[in-house]
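Numbering-wise, the numbering used here comes out as the position in the sequence shown, counting from 1, plus 4. All residues carry an ideal CB built from backbone N, CA and C; glycine is no exception.
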Amino acid sequence: MTLMTRRRMRPWLGTYVTVEAGMATEAEALRVIEAAFARVAEVHLAMSFHSADSEIARLHREAAHRPTPVGEHTWSVLALTLRLAALSDGVFDPTVAASLVRHGALPRPDGPAPHPRATWRDIELLDDRHVRFHRPLWLDLGGIAKGHAVDCAIDAMLELGASHALVNAGGDLRIAGERTEGLPLTIRAPDAPHRHLPLGVLSTGAAATSGDFLFGRSDPAPAISPLVDPHKGVRPAQARSVTVLAPTCALADGLTKIVGLRDTASLPVLRLLDAHAAILDTPDTLQVTDGFWQQLVQPPSIGPALHV
Numbered sequence: 005m006t007l008m009t010r011r012r013m014r015p016w017l018g019t020y021v022t023v024e025a026g027m028a029t030e031a032e033a034l035r036v037i038e039a040a041f042a043r044v045a046e047v048h049l050a051m052s053f054h055s056a057d058s059e060i061a062r063l064h065r066e067a068a069h070r071p072t073p074v075g076e077h078t079w080s081v082l083a084l085t086l087r088l089a090a091l092s093d094g095v096f097d098p099t100v101a102a103s104l105v106r107h108g109a110l111p112r113p114d115g116p117a118p119h120p121r122a123t124w125r126d127i128e129l130l131d132d133r134h135v136r137f138h139r140p141l142w143l144d145l146g147g148i149a150k151g152h153a154v155d156c157a158i159d160a161m162l163e164l165g166a167s168h169a170l171v172n173a174g175g176d177l178r179i180a181g182e183r184t185e186g187l188p189l190t191i192r193a194p195d196a197p198h199r200h201l202p203l204g205v206l207s208t209g210a211a212a213t214s215g216d217f218l219f220g221r222s223d224p225a226p227a228i229s230p231l232v233d234p235h236k237g238v239r240p241a242q243a244r245s246v247t248v249l250a251p252t253c254a255l256a257d258g259l260t261k262i263v264g265l266r267d268t269a270s271l272p273v274l275r276l277l278d279a280h281a282a283i284l285d286t287p288d289t290l291q292v293t294d295g296f297w298q299q300l301v302q303p304p305s306i307g308p309a310l311h312v
């Protein structure tokens, strides 16, 4: 049977999200794509730092005073966030939002000001999807929520019978099912973001890329890195790109931050979670973990890589 493949793109999650589905008919493919975008919208609305109506905003206002209910998406992301925080000894810490607010990278949310010593350990997940903060804090789940949205969109399409499903959300992508061709995986050169470098072809699984050079402010002040060290605070943006391949996009998304801050010290966490990483520094100096190239269909074309 010939399958019908359709693709659509829409602005969500602070970027453009591309969704592709394979079904028996065009009508079915478009219906599946709509279901995927509906899941993406759910995640966006639940965890938007910028919206006063999001579940994150409600946690900022209430969770330090009383257990506060959240939906399935926020609960799942918080659970994975706390796991990554524990595995990385707190390098992955969603409470660094306070530093980003101070430097103008995020708007000041409503609610009590964060305690200066608040960390991820002050977040407690209770029964019945309730969350409590032991000290006031501000959460930024942007380092993992986009990957979760990609996973949810993939799940929505597979649940409706898609033969294959693909979602690409501005550097966070995942492929599932039987796609005729893989997806070329390219990354931007850290020293020249307009230039794209091919890594290979991804046929299944998830990938996420994080680059300091894509983050900054509109004023003349130097761009700051979105990777905030919980102990040292914000730092200037660097000409560096981190790509992680993992079974799910949420994992890949979160792990790019750990790799970006810990470099080779992140290897035990990557191995534990069956993930692989590539770090591209200027001028085109590439480091990859063992097994990275085996996850891609075609070999790299950007020169030799240093395995770590």
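Straight across, the Cα-Cα distance linking V47 with I158 is about 13 Å. One thing to note: A254 has its Cβ no nearer than 7 Å to the Cβ of V248. The beta carbon of L86 sits closer than 8 Å to the beta carbons of W124, I127, L129 from its chain, once the five residues preceding and following it are set aside; these are given in chain order. Pairing A109 with D97 gives a Cβ-Cβ distance that is not under 7 Å. Taking a 10 Å sphere around the C-beta of M13, we find fewer than 16 other C-beta atoms and assign the residue as exposed. In the structure shown, R11 falls within a strand segment according to DSSP collapsed to helix, strand and coil.
Distance from L162 to A180 at the Cβ level is roughly 6 Å; contact confirmed, criterion being Cβ atoms closer than 8 Å.
Shown here, A282 sits in a strand according to DSSP, grouped into three states. The C-alpha of T213 lies about 32 Å from the C-alpha of A117.
By the neighbour-count definition (other C-beta atoms within 10 Å, threshold 16), G165 is an exposed residue. Sequence-distant partners of V74 (beyond 5 residues in either direction) whose C-beta falls short of 6 Å from its own C-beta, in its chain, are E59, R133, V135.
Nearest C-alpha to E24 among L177, A281, A169: A169. In this structure, H280 lies away from Q302, with their beta-carbon atoms at least 7 Å apart.
For F137, the enclosing beta strand (DSSP E) covers residues 134-137.
A buried status is given to D144, since no fewer than 16 other beta-carbon atoms sit within 10 Å of its beta-carbon.
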